[in-house]
Amino acid sequence: MSDESAALDALLARQPSGDFAVELGDAQVGEFRAQGFTSIVRLTSDEELAWLAELYDWLFAERVQAVPGGYFDLSRAYESDGPDLQPQILSPETRFPALRRTAVFRNGRRLAARLLGGDESGLRGWGHMIRKPAGIGAPLPWHQDEAYWDPAFEYEALGAWLTLDPATRESGCMSFIPGSHRAEVRVHRHVGDDPAVHALITDDVDARLAREVPVQAGGAIFHHCRVLHSSGANTSPRVRRAWANEFQRAPRPRAERIDRPWIDEGKRAWEARRVR
Ligand code: NI
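Residues 0 to 275 in numbering that gives the first Met the number 0 are what the sequence shown lists, from first letter to last.
Below, the structure is given as structure tokens:
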């Protein structure tokens, strides 16, 4: 066994219990329904947060692909050279099931069920981690998460976005357009009009309506899959690490056909990358 994998095994063996009691108030549920997002001061314990930070740093240091092709920089073309601007790891829980045994995941799922309504057992969850390095972390422009998904289906879904570091205006906190979750998915395009850049942007947004939502380390934002949101650049001297879990009910086939050409363009670029 290598030193690296022995260190990883030791880290996984030190996983805290994953119990941490939190609840949403009626005001937060009301805010989510009316505005499309709400935040919670803490989703997990200091102990779990410290453990998660160690695991998170290891995953990014090793550029771990939990699923094939599942490590890339969101802000530049796949496999292009340059410093890390905004690396992302997709579905880390598929390789590290311990992530599903955390308070972050358990609380996230339970509170997601409360916000979406209905039973927790019907909720599917998968995660992604987005890291904004100190000083150079790139912004993520305005988008709706559903714009990334197959338009053949209708969704009941939200993202539970945990920050491991203080998310402030300087470190790249999230901003939202209140109430925008009640409208359809808007027209999107790939950043830089390059389908090999994973990140999407919509130009159909009035940024004057934006509300910034700073959150302290260990806090989280729950946001509807259709609410318009963005995050700023990290101009601060410390890293801003986020782990988001998406929770959704089984998607239902949509009656009418909707075109989202940016998804087809992105798929072709992704496939071209994988055969290289
Ligand atoms: Ni998003």
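Think of the CB as a built atom: it goes at the ideal place given N, C-alpha and C, for glycine as much as any other residue. Quick caveat: nothing in here was measured; it's all calculated off a predicted structure.
What I want to know is whether the C-beta of Asp203 ends up closer than 7 Å to one or more non-hydrogen atoms of the ligand NI. No; taking the cut-off as 7 Å, the Cβ of Asp203 has no heavy atom of the ligand NI nearer than that.
Taking the C-alpha atoms as reference points, what is the distance between Glu47 and Ala102? 8 Å
Taking all protein chains shown into account, do 16 or more other C-beta atoms lie within 10 angstroms of the C-beta of Lys266, making it buried, or fewer, making it exposed? exposed
Mapping the DSSP letters down to three states, classify Gly191 as helix, strand or coil. helix
For Pro91, which three-state DSSP category applies? helix
If you measure between the beta carbons of Glu276 and Gln34, is that distance less than 8 Å? As shown, the chain starts at 0 and ends at 275. That puts residue 276 outside it, with no answer to give.
Mind the definition here: the segment 138-151 touches the segment 219-237 only if three or more C-beta pairs lie below 8 Å; say whether that holds. yes
Runs of beta strand (DSSP E) wholly within the segment 117-204 (minimum 3 residues, chain order): 123-131, 139-142, 156-162 and 173-175
Drop a sphere of 10 angstroms on the beta-carbon of Ser174, count the other beta-carbons inside from all chains shown, and report buried for 16 or more, exposed for fewer. Counting Cβ neighbours within 10 Å, Ser174 comes out buried, since at least 16 surround it.
Ala102: first and last residue of the uninterrupted beta strand (DSSP E) it sits in: Careful: Ala102 lies outside any beta strand (DSSP E), inside the alpha helix (DSSP H) at Ala102 to Leu115.
Measuring from each Cβ to the nearest heavy atom of the ligand NI, keep the ones under 7 Å and list them in chain order. Leu139, His142, Asp144, Gly158 and His228
Hey, would you say Ala166 sits closer than 8 Å to Arg239, going by beta carbons? yes
In this structure, what does DSSP give as the bridge partners for Ala97? Looking at the DSSP assignment, Ala97 forms no beta bridge with any residue, so it has no partner.
Got a sec, what are the start and stop residues for the beta strand (DSSP E) Ser16 sits in? Neither: Ser16 is in no beta strand (DSSP E) and is coded neither H nor E.
On a CA-only basis, which of Pro132, Arg109 and Ile135 is nearest Arg123? Give me that one, please. Arg109
Look up Ser4 in the DSSP assignment and say whether it is helix, strand or coil. It is helical.
Would you mind giving the Cβ-Cβ distance between Glu61 and Leu10, rounded to the nearest angstrom? I have them listed as a contact below 8 Å. Cβ-Cβ separation between Glu61 and Leu10: approximately 12 Å, too far for a contact (criterion under 8 Å).
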